[in-house]
Every structure is written in structure tokens, then in C-alpha cells.
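The opening position of the sequence shown corresponds to residue 0 in numbering that gives the first Met the number 0, with each subsequent residue numbered one higher.
Using N, Cα and C, we set each Cβ at its ideal position, and we do this for glycine too.
Worksheet for the structure shown next.
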Amino acid sequence: MTSRYNEVYQEWQAAPMAFWAHAAVAIDWSKPWDKVFDADDGPYGRWYAGAECNTCHNAVDRHVQNGRADQVALIYDSAVTGTQRKITYAELLSDINALAAVLTDKGVQKGDRVIIYMAMVPEAVVAMLACARIGAVHSVVFGGFAAHELATRIDDAKPVMIIATSCGLEPGRVVAYKPMLDKAIEQAVHKVKTCLVLVRSQQPHALVEGRDFDYAEAVAAATGREIACAAVKATDPLYILYTSGTTGQPKGVVRDNGGHLVALAWSMGAVYDTKAGDVFWAASDIGWAVGHSYIAYAPLFIGATSILYEGKPVGTPDAGTFWRVISEHKVKVLFTAPTAFRAIKKEDPKGEFIGKYDLSSLKYLFLAGERADTDTIKWAEEKLGVPVIDHWWQTESGWPMAANPAGLGMLPVKYGSPTVPMPGYDVQVLDDAGHPVKRGELGNIVVKLPLPPACLPTLWNADQRFRDAYVTEFPGYYKTADAGIIDEDGYIYIMSRTDDIINVAGHRLSTGAMEEVLSSHPDVAECAVIGIADHLKGQVPCGFIVLKSGVTRAESEIEQDCVALIRDKIGPVAAFKMALTAKRLPKTRSGKILRGTMQKIADREPWNMPATIDDPAILDEITAVLNARGIGVKND
């Protein structure tokens, strides 16, 4: 198939307003827009100004009305509990109506905020859509976030209600949410007076009299009631999603209703080649942007079936669990983080589990959330026999900024590149002074304003903070805080976050490029490179490597191999002399490696336990690895 990408991208470039007006035809509007884009509203403008719509109607009601009532909308697959549930569009609508009735009865009104602090259960998606139905603004806080982190979000969003589960489930352990919820409410200045708690059998908890209500009982009592979809402005907020800020104060990324509907619906066909009736699986969590966009929303906008998975890529029960889900539910598209595949590859380097399942339904694997190293992509291509598409986007964008668009016909693959910018994104590379760099030169990746629909229009109640964080440094552009290059064919290469560029004796070097080399070693399952302070060179790189299961060679030999590899592929200029073997790397729950914290440990700087860390004990292991080489000191 010849790719239509160039034609479509040029169509957007030639007439951006007409392009997004045409894309908006796929959405049901209760009132048309006055302007496709209003440049005078907000820090850089707003999409579909004057229009009114409802996100829940577009995700559920219209499919029930148009013949998809009995089609499965959500498949809940809990590898932790061994249970499954299939929910049709009609059943989903009934559940949403019942919860919307409960919210309304308890005084939640249009524009009010509701925090959702839940495990990966269907009720979490129902809660998101019920809020959208009545025009309330939801803010999902990752289930299991510490009480202090939840409290900061309560104080920023000022919710009238919190919907929570009593616990979350991890392989081999139950994480009690209710005590953290109680502690957060106690700590927060803003006092939440109403909580709905879904009590799970694994962790029953006593409810606070007068404040807490049993979710299941309340919804059962309201089943059968119908609540009309509220007409909200396209520019009204649908949700707030908090992302970490450099000041320690989380940034509330705002997503609007109208632009979000248009761009996400468009992306399902153009980027993911997914249509109504297809089964789409984003193996993420609703606490992250991926879970919002591609579990709870985009698949439902087009009438597809979305999978809600509670489990891990390994350990629930083994490295074959992803293949089981694909086989049992006839998944067409899998979207996950490279970390997940590195974990699978580490446990099952030969891919022996893959042959045990029928994966004939799978047509594409999409990877995003961090850099996808070439070795992992090639392993997945070889073992699965389908296109493996690395693509790049951010919490702030809400949908892909760069991709190889499967629905428009794929372009030639270049390993290490998420391929090309999507319509709406004019991606450029600037030096620190804001001047364009030559093709192939490393610089700051920016996007010319305005950002397309679905991207954040601002931060919650913080327009000036939005300007300071994203648009002040490079006037007229959105700062992605990623560093990279654009080659002569227009392919984008994301090398690292701008704070992951290290300066070695005056040479700006990408730690991401070094990680690409280390990951090519046949014994290395995953790796991370950080810059360590050096009195002579300013910084020198240090590489952490995790070995594949079953490797019998001496760690010291493999470390020497890695040093030689960097010298060969990048050159002596990298001054790479330290490769350290670790059992595992510290990561956030979404799979991002905590390089910044590792660097602080190595540089003997004060550091705080990251709120998003998956397993705090790993930082002690990393500290011990560094200490064994005389680097860093233990955090006291």
C-alpha cells in the first residue's frame, strides 16, 4: 500500500482550519462552532470555540442508538485475579447512567471536580464517563499514589467528591488504597465531604460515617435511572491529569472536550488503523495519559472494543500473559511501553511463550512512553511477525505527535525514529538561542504554535505557569523538553529529555544514543545511562545494564564489552568507561526509568523518593552498586 501520509500532511499544512473542520464531521455536536480556532482565547488559543458537545454521548450513547448496543465495548481482563468481564455498549450505558444518577443525587454539578483514585477495574472507566456525562471534570490519580501526593492534587483540583477502590492488586500483594485516601483527606487543606468507595473482597475497609458511601450499593439502588447528557462547551475542561513539575508542585494538564473528541477519533483510523468493531488494547493504566486517551476514550469514540487489563507483562503468571490476552480476545492492535517488551524479552529471550498462542488477529504493535531501542523493536518484529511502530507523544499532547501512520499506509521504517510528525504538529529543532539548526544536528525539539486539537490548552488555574513551562523560552513554539534531530527525510529522532543531554568536556552528548548502543549487546535486557559530575570533564557517562535471564558470562566481561561498544559506535569523545551491572532499574509505575534520581545518588546530591516509583527498594540496590565502585553515598 502506498502511503498517503505526504498528501494528508500537506493538506493540513495548506489549510489547517479546513482540515480540522473536516475531521470534526466524525463527531456529534449539539451546537456548531463559531470559529474552528479562536487565537484570542487562552495562552495560545482554543479549538471549536462556541461549539457544544458531550464526550460521553460520543463514546457510548450514539453507538447504542446506531446499532452497536450489543457489541462489546469493554473487556475487563484481570490476570491478577483470573477473572474476566465483557461489557456491551448497552450495559456500559446503563452503568454510566446509574453512577451519573448517584453523582447528581450527591450534589455533583457541571464544572465540579471529581477525583478518581481507583484500580484497573471497569468502574474506573464508568466513573470517568459518568463525570463526562454530567459535565463534571474528572481527575484520575494513579491508584496507590502516596497520601501526600494525593493531598496535593486534592488541594489543587478542589474536588467535591472522590471515587476510590479499597485496594489495588499487584503480583503477590494487595495495595491498600483506603488508608492512603483517609490520610490524604486528613492532610489536605481542602476538605472533601463525600467519597464513593468500591470495596473489593481482597481488602475490605470500614467506611467513614457520613462521608463514605458504598459504591456498589449506591449504584445498585440507582440502576435503571437515566440521566441526560449535559451540553458542555467544546472549550470546557473534560479532565485534569497531573504530571510532575520541576518545582515539586504537580502540573494539572487540562484536556478540553471538543478538540479531544476530534483528534482522538481521527487518530484511531489514521495512526492506528482501527475501526468500529476492532479490538484495541492499550496495555497501560488509566492513571496515565495513554490510559485516558486509548483505554477509556478513543476506542469508544469510534465504536471499537477496548481492553482494560489488570496485571503485568511478566509475573501474572508468566511472560506469556500478553500473548494469552491477544489470543483470547482477538486483539488487532497492541499499544504498550517498550519497558513491557524488555521485561518479556528478559524473562523469555527466545520468545518460547509466543508459540503457545494463536496471535493471528494481531496486526500491529505500537510502542510509546519512552525511547524504543532498536534491539527491542527488532526482537518484537522477529518474534511477532507484525509491524512494530515506535511513536512519540506526551501527557501534554494527549495523542501522537510523531508516528508511522498505519491507517494512511506505512512509510519505510528507520530504527530509532518514531518516523514523522502527524498533521497538526509543525515540529522543528532549535538551538538554545532559538535558532533553527541544520538537518541532522542535535537540538531542542519544539512545535510551532498553535498546538493541534486535544493538546493541553493550559494548566489547571495556572495560565502563567503554562506560559513559563512551555512557551516562554522559545516564543511562538511549544517546548517539548525533548532533545533530538530531524534527518534529511524529515524523520524525527528523540534522543533524550533536554535534561538528559550531558556535557562531556564541552561536547553535548545524548545519553539516549548511548543507551541505544548498550541495548544492542546480546546479553543486555535493558539499560540506562546517566551523567556523573566530573571535576575534569564536567560530566562523564555511567551506564547501568540489566542482563537477560540465563546469561552465564561474567558480569565484568560483559561490562568491558559495553565500554568497547560505546567507544566503537560513538567514539572516545563519549569518555564512557563505566558500565555497572544491576539486577533491575528504578522505574515509575508507567515504566519510565528514574535517571534523574540515579544521577543525584551518584553525584551525592540530596534526593527525595519519587512519588511515582514502582518499588522504592530498587534505589537501595542502585546505591549499593554505585557504592561498590566508590561512587555516591547512601541517602540518609
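query: Residues bridged to Ser495 [DSSP beta-bridge criterion]; result: Ala482
query: Trp280 - partner residues in DSSP beta bridges; result: Leu333
query: Beta-carbon gap between Tyr293 and Ala78 smaller than 8 Å; result: no
query: Cα-Cα separation between Pro312 and Asp284, rounded to whole angstroms; result: 13 Å
query: Rounded separation between Val445 and Val426 - CA only; result: 6 Å
query: Exposure label - Lys109; buried when at least 16 CB within 10 Å; result: exposed
query: 6 Å Cβ shell around Lys591 - same chain, five flanking residues per side excluded; result: Glu369
query: Nonlocal neighbours in the same chain, by C-beta distance under 7 Å from Trp378, ignoring five residues either side; result: Lys344
query: Whole-angstrom distance between Ser165 and Glu472, CA atom to CA atom; result: 44 Å
query: Sheet register partners of Gly442 (DSSP bridge); result: Gly483
query: Spatial distance of His328 from Lys599 (CA atoms); result: 44 Å
query: Own chain partners of Gln463 with C-beta closer than 8 Å, once the 5 adjacent residues on each side are dropped; result: none
query: Proximal residues to Pro348 (C-beta, below 6 Å), its chain only, five neighbours per side dropped; result: Lys547
query: Separation of Pro474 from Leu508, as counted between CA atoms; result: 26 Å
query: contact_flag[the stretch 202-222, the stretch 137-150] where n(CB pairs < 8 Å) is 3 or more; result: no
query: Buried versus exposed, by CB contacts within 10 Å (16 or more), Lys177; result: buried
query: Cβ-based burial, Gly171 [other Cβ within 10 Å; buried from 16]; result: exposed
query: Completely contained alpha helix (DSSP H) runs for the stretch 258-321, where each covers 4 or more residues; result: 297-300
query: Ala553 (DSSP reduced to helix, strand or coil); result: coil
query: Beta-carbon spacing of Leu98, Val63 below 8 Å; result: no
query: Complete runs of the beta strand (DSSP E) confined to the stretch 205-235 [at least 3 residues]; result: 211-213
query: contact_flag[the stretch 183-193, the stretch 127-134] where n(CB pairs < 8 Å) is 3 or more; result: no
query: DSSP state of Pro348 mapped onto helix, strand, coil; result: coil
query: Chain-order list of residues whose beta-carbon lies under 7 Å from that of Thr1 (same chain, five-residue window excluded); result: Gly408
query: Between the CA atoms of Ile115 and Leu180 - distance to the nearest angstrom; result: 11 Å
query: Among Glu346, Asn403, Val539, Thr335, nearest to Val572 - alpha-carbon criterion; result: Val539
query: Inter-stretch contact at 8 Å, needing at least 3 Cβ pairs: the stretch 480-495 / the stretch 66-83; result: no
query: Three-state secondary structure (DSSP) of Ala463; result: A quick correction: the sequence has Gln, not Ala, at residue 463. Gln463 falls in the helix class under three-state DSSP.
query: Identity of the residue in Ser138, Pro420, Phe465 nearest Ile493 by Cα; result: Pro420
query: Buried versus exposed, by CB contacts within 10 Å (16 or more), Lys447; result: exposed
query: Opposing strand residues paired with Arg588 [DSSP bridges]; result: Note: Arg588 sits in no beta bridge, so no partner.
query: Cβ neighbours of Thr246 in the same chain (closer than 7 Å, five flanking residues each side left out); result: Residue placement at Thr246 is flagged as unreliable, the pLDDT there being 49, under the threshold of 50; the coordinate-derived value follows with that caveat. Within the same chain, Thr246 has no close Cβ partners at all.
query: Pairwise C-alpha distance: Gly302 and Glu90; result: 14 Å
query: Cβ shell of Trp398 (< 7 Å), same chain only, five flanking positions each side left out; result: Ala262, Leu263, Ser266, Ser292, Trp392, Ala453
query: The stretch 266-281 contacting the stretch 322-340, beta-carbon criterion three pairs below 8 Å; result: yes
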